[in-house]
Amino acid sequence: PSVAGSMIGVRLGLSQHIEDSLAIFSLELDEEDKSSIDSVSKQGRDLLQIIGDCGDEYRRA
1 PSVAGSMIGV
11 RLGLSQHIED
21 SLAIFSLELD
31 EEDKSSIDSV
41 SKQGRDLLQI
51 IGDCGDEYRR
61 A
């Protein structure tokens, strides 16, 4: 088994974790971080090329 991806986000309408949610804006990636991400990304498959863009069900308000 393996993880194909992860979803990161916040639940709209909930205010109890606002400070925790805002902490993401202090995250900074250095060149080594970016290089590591690129290296791992090159080992995967480009799902946009394989299955295309997501359907409009993800764009509905």
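If you use UniProt numbering, the sequence shown corresponds to residues 1 to 61, in order.
From the three backbone atoms N, C-alpha and C, an ideal C-beta is built for every residue, glycine too.
With a CB to CB cut of under 6 Å and the five nearest residues on each side skipped, what residues in its chain are close to residue i?
i, result
"I50", "none"
Under 8 Å by Cβ, that's how I've got residue i and residue j pegged, so tell me the actual separation to the nearest angstrom.
i, j, result
"S26", "V10", "Rounded, the Cβ-Cβ distance is 16 Å, inconsistent with contact."
Under 8 Å Cβ to Cβ from residue i, same chain only, skipping five residues before and after it: list those, please.
i, result
"Q43", "none"
Considering only the alpha carbon of each residue, which of the options lies closest to residue i?
i, options, result
"G5", "Q16, I24 and L47", "L47"
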